[in-house]
Each structure stands twice: as C-alpha cells, then as structure tokens.
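Colleague: When we follow the UniProt record's numbering, the leftmost residue of the sequence shown carries the number 1, and every step to the right adds one.
For each residue, glycine too, the CB sits at the ideal point set by N, CA and C.
Quick one: the structure is below, questions incoming.
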Amino acid sequence: MSLLTKVLFYPTLGYNVLMTYVSSRRWYDRIDETVLLGALPLRSWNKILVEEENVRGIVSLTEDFETEGITNSTEEWKSLGVEQLKLPTPDFIASPSPEFIDEGVAFILKHRRQQNSVYVHCKAGRTRSATIVACYLIKVNNWDPKEAVAFIESKRPHIWLREKQLDSINLYYDTLKHRKSHRG
Numbered sequence: 001m002s003l004l005t006k007v008l009f010y011p012t013l014g015y016n017v018l019m020t021y022v023s024s025r026r027w028y029d030r031i032d033e034t035v036l037l038g039a040l041p042l043r044s045w046n047k048i049l050v051e052e053e054n055v056r057g058i059v060s061l062t063e064d065f066e067t068e069g070i071t072n073s074t075e076e077w078k079s080l081g082v083e084q085l086k087l088p089t090p091d092f093i094a095s096p097s098p099e100f101i102d103e104g105v106a107f108i109l110k111h112r113r114q115q116n117s118v119y120v121h122c123k124a125g126r127t128r129s130a131t132i133v134a135c136y137l138i139k140v141n142n143w144d145p146k147e148a149v150a151f152i153e154s155k156r157p158h159i160w161l162r163e164k165q166l167d168s169i170n171l172y173y174d175t176l177k178h179r180k181s182h183r184g
C-alpha cells in the first residue's frame, strides 16, 4: 500500500458519498441477475443487500485499511450468511492480477449456480471491481471486452477503467479465447 493511497482514501471516500447525494450516481447498481457492482458495502446497507438483493457473496478488491471499521469483517459477513472473497488490490495504481480475476470470476460463477447474488466492490465501485465484473460478463455471455464494458456503463455510467484495467480485461479475454481454441 502506498502512502498516497492511504492519504487520499478518506477525501475520495467523502467525494463518493457526496456524489450519491448531488448527482444521479447510486452507491451500487445491479448489473445482471447475479452481480451487483458498487462502492464499499457500508454496514448501513447490510439489511438491503442480504434481505432484498439476496447477496450471499461479497468480492472485496480493497486493501484492509480501506474497510476497517467501515464495513463488516469476514466473520460478520459469515454471521449474516454471506461468504466473502478478499482480493486485495491497491487503489489508483493497480488492476487485479490475472490470478485474482480468475478467482473472482470463479467465485461469482459458484454463487450464480446457487442462484445467489454477489456484491463486487472496491472503494467506489468504478475501477478495480468493474474490472472483475467485465471479465465475469465476458465469461458468461461470450462477449468481447468492448461489449462487456459498454454493458456495465449502461448500468453504472460512472465506471472509470483506465489503460491498466483495460489491459487486464483484454488479457483475460485473450486467455479465454486461447483456452477455447486449444479445447477444440
């Protein structure tokens, strides 16, 4: 974790909260029947996420300092019947690793088979988490990266995928194509 990431955390979190009040941005958006893409799942959202949205899985792409005291711990999620997958990825400077993307997509697919919803988040639900969701959409819909990103943008227009995240999404797509071509 970089010092800059830590210093910018609270001001940028405050900005995200403010934007939900002064703009059309929502804290989270349902992307399909399985996935919700959003910002930090604050404790005040627990009841809605679990009871109304049927969330039984959480994919967290935050570092530990981003969630301490703000969101549920893994144990607290478990007590609500929610399984949490932590894929710590630094904010601003990183994209989820190929291993984290594979792990995140597999986790979402497992819950999809059980007809559960999965809340995929980072701090703002715009970059790190949107990367995983794009890869999931590529896998389940057999889409290319542009289709997946456009679909997410139609549901959550304020996502912000930069070159590093787009490279990760394209690598995932190319890897899937390669695996399919070798299976014959």
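Compare the Cα-Cα distances from isoleucine 101 to each of Arg113, Leu80 and Lys86 and report the closest residue.
Modeller: Taking the first residue of the sequence shown as 1, we reach residue 101 at position 101. It is Lys86 whose Cα lies nearest to the Cα of isoleucine 101.
Colleague: In chain order, what residues of the same chain have a beta carbon less than 7 Å from the beta carbon of residue 260, not counting five sequence neighbours either side?
Modeller: The question about residue 260 has no answer here: the residues shown for the chain are numbered 1 through 184.
Colleague: Alpha carbon to alpha carbon, how far is alanine 94 from methionine 1? Give it in angstroms, no decimals.
Modeller: Numbered from its first residue, the sequence shown carries residue 1 at position 1. Numbered from its first residue, the sequence shown carries residue 94 at position 94. Reliability of the predicted coordinates at methionine 1 is poor, the pLDDT of 49 falling under 50, and the value obtained from them is presented with this limitation in mind. Rounded to whole angstroms, methionine 1 to alanine 94 spans 10 Å at the Cα level.
Colleague: Since arginine 30 and leucine 36 are thought to touch, with beta carbons under 8 Å apart, how far apart are those beta carbons, to the nearest angstrom?
Modeller: Taking the sequence shown and counting its residues from 1, one reaches residue 30 at position 30. Taking the sequence shown and counting its residues from 1, one reaches residue 36 at position 36. Between arginine 30 and leucine 36 a beta carbon distance of about 5 Å is seen, short of the 8 Å cut, so the two are scored as contacting.
Colleague: Only counting runs of 3 or more residues, tell me where the beta strand (DSSP E) segments fall wholly within the stretch 18 to 65, in order along the chain.
Modeller: 28 to 30, 35 to 38 and 55 to 60
Colleague: Is proline 96 buried or exposed, if buried means 16 or more other CB atoms sit within 10 Å of its CB?
Modeller: Start at 1 with the first residue of the sequence shown, and residue 96 comes out as number 96. Buried, since its Cβ has 16 or more Cβ neighbours within 10 Å.
Colleague: With DSSP as the reference, label glutamate 75 as helix, strand or coil.
Modeller: The count along the sequence shown starts at 1 and reaches residue 75 at position 75. Reduced to three states, the DSSP call for glutamate 75 is helix.
Colleague: Would you mind working out which of Arg183, Arg162 and Val133 sits nearest tyrosine 28, comparing C-alpha positions?
Modeller: Looking up residue 28 in the sequence shown gives position 28. Residue Val133 is the option with its Cα nearest to tyrosine 28.
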